[in-house]
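Each remark here refers to the structure printed beneath this line.
Residue numbers (our numbering): 3 to 481.
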C-alpha cells in the first residue's frame, strides 16, 4: 500500500485529540498483520519496530515519529460528528481536501508515510521504530508521558512539518494562560432590546505556522466592535460571548448577544456596522471573506431575559480589546523567523461564567515567560483571575546535527537542490521527546500543507510523493 492508501484509511478513523483509541487499535492490528513488534506503552503511545533489511543489520535504529490525533474544526452549520464520522476526503487538482472539516493531514500523513515505508518491499534501511504519540494538539500529552527507556533509536525523524525542502532543527516552546471571572447577571428592563452579532469568514489557521501572516482574530475584532459603542455613549449588557475553537487555532469566528436601550438600538446597529467596515477595510487583502451578521429580536434574535451589568460588560470588552494577539517579536538569530507570539484562542461568557485561554509561543524561554506574565498583568488589572500552565520547552537547534547532514545529502541527491535548514515557530514534540531520550539527534520534515487547523486545510499530493522518495533514500544512506 502507498502513503495515500494508508492516509485514506486513517481518515476513516475518528481521531480528535483525546479520542485516539481507534488509531491505537488500527496500528497494533497493522503491526501484527505484518509481523512487526507492536507495543502500547502505559501512557497510550504506540511503538512499532521493524527489522533491518539485508545488509543493514549493523546500522543503528532510526525512529520515525508522528502523532495520531488531529485538530477537528468544521464550517458553521456542519452536522459532522468528529466522534463517529469519517473525514470526507476529496482531491482537488494536486491537493487533498476535506468536505466542510479540517483534513487531518497534520499529522495523519506522517503516520501514513511511516506505515508505507515500513511495508515497502523495495525499501532499504537499518532497524526502524515508529513512534506514534497521542494528544499532541492539546498539550503533547503522549510525548510528556513517554517512557524514554523504550526508545532504542539515537536518531529521530519527526514527520510533523508542512513545508517541503525545509529541514527543521529547532522549534518554539509554549505555555498557556487560562483566565476566569464570575459575573453577576440580572433581569433586563422592559425597554432594552437584544442584538446578536456574529463575525465569520476569517481564515484562521495554525497559531504557530500562520501567525506571521497577520490573520485577523475574530475575538479581537468583536471586542473592538463592542468597545466602539462607548464612543457614541451607547451602554450595553452582554448576555453571551463565544469565540475560538482550539488553543492552537487562530479564531476564525466569534459571536455575542448584547442588550441595549430600545431608543439607542439603531445608533448601536449603525456603529457596529461602521466599525466592522473599518476592520474589514484594514484587512481586505488578507481576509477578503470577512463577514458580519447582526439582528435584533424583530428579525429573529433570541430575546435575552438577563445579562451582566453595563460596567462589567464594558470591562470584559476592554480586557479582550487590550489583550495582545499575534507576533510580539522576530528572531535576531534567524532572520525572518518569529521568536515570540501569542494566540488569543478561546473566550466563553455564558450564564455569568467568563473564561479566556491564551497560548504563548517563543524560541526563547525567558521571552515566553515575559509575554505570558505581561498578559497576566493586563488581564488581572481587569479583575480576571489567571493561571499559567507548565508549558513545554523550546527545541534548541544543534548546528552539528549528523541527522540534518544526512537529510541535506539525501534531499540534494533526490532533487538537485539544497534544503533550507532552520527553526520553526510552531511547537514540535522533538523538544519533549529529546528530553526523555538523552543524546537523541532529531530533525523535522514533511510535505507541503496549507492552512492546517482550519477547514481550508489542504495537502499536496505531488509533494507527498516527493517527500516519501526523499525519506526512503534518507533511510538508505543513514549510517
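Built from N, CA and C at the ideal position, the CB exists for glycine as well.
Out of 142, 242, 77, 362, the CA that lies nearest to the CA of residue 186 is found in 242.
The continuous stretches of beta strand (DSSP E) do not include residue 147, and DSSP gives it neither H nor E.
Note on geometry: alpha-carbon atoms of residue 54 and residue 441 lie some 22 angstroms from one another. Assignment of beta-bridge partners to residue 77 by DSSP yields no partner. Looking at the backbone, the Cα of residue 211 and that of residue 100 are separated by about 20 angstroms.
Contact check between the region 423-432 and the region 156-170: three or more CB pairs, one atom from each, fall below 8 angstroms, which counts as touching. Bridge partners of residue 195 according to DSSP: 262.
Per the coordinates, the alpha-carbon of residue 308 lies some 30 angstroms from the alpha-carbon of residue 249. Residue environment analysis places residue 20 among the exposed positions, since fewer than 16 neighbouring C-beta atoms fall within 10 angstroms of its C-beta.
DSSP places residue 353 outside both helix and strand once states are collapsed to three, so it counts as coil.
Rounded to the nearest angstrom, the Cβ distance from residue 12 to residue 114 is 6 angstroms, consistent with a contact under 8 angstroms.
Counted as a single uninterrupted DSSP element, the alpha helix (DSSP H) harbouring residue 270 occupies residues 267-284. Here the alpha carbons of residue 109 and residue 259 stand approximately 37 angstroms from one another.
Residue 23: member of the alpha helix (DSSP H) spanning 23-35, first to last residue. In this structure, residue 91 keeps its C-beta atom at 8 angstroms or more from the C-beta atom of residue 28.
Secondary structure of residue 417 (DSSP, three-state): helix.
When the alpha-carbon of residue 306 is set against those of 191, 289, 346, 384, the nearest one is in 191. A Cβ-Cβ separation of about 5 angstroms places residue 219 in contact with residue 327 under the 8 angstroms criterion.
If you ignore the 5 residues before and after residue 264, its C-beta comes within less than 6 angstroms of the C-beta of 193, 195, all in its own chain and listed in chain order.
In the three-state reduction of the DSSP assignment, residue 343 falls in the strand class. Comparing alpha carbon positions, the residue from 347, 231, 278, 311 closest to residue 362 is 347. Annotation: residue 436 to residue 470 spans about 24 angstroms, alpha carbon to alpha carbon.
Under the three-state reduction of DSSP, residue 225 is assigned to helix. Out of 432, 417, 413, the CA that lies nearest to the CA of residue 423 is found in 413. With three or more CB-CB distances shorter than 8 angstroms, the region 353-360 counts as touching the region 173-186.
Between residue 189 and residue 303 a beta carbon distance of about 18 angstroms is seen, past the 8 angstroms cut, so the two are scored as non-contacting.
Between residue 33 and the set 87, 73, 96, 132, the nearest pair of CA atoms involves 132.
Considering only 75, 221, 274, 67, the residue with the shortest C-alpha distance to residue 17 is 75. Beta-carbon to beta-carbon, residue 349 and residue 203 are separated by about 18 angstroms, too far to satisfy the 8 angstroms threshold. Between residue 374 and residue 240, the CB-CB gap reaches or exceeds 8 angstroms.
Per the Cβ contact rule, the region 272-281 is in contact with the region 220-232 (3 or more Cβ pairs under 8 angstroms).
Within a 10 Å sphere around the beta-carbon of residue 124 sit fewer than 16 other beta-carbons, which makes this residue exposed. For residue 336, the closest alpha carbon among the candidates 44, 104, 173 is that of 173.
In the DSSP assignment, residue 307 forms no beta bridge with any residue.
Assignment of residue 371 by DSSP, reduced to helix, strand and coil, places it in the helix class. Here the alpha carbons of residue 416 and residue 475 stand approximately 8 angstroms from one another.
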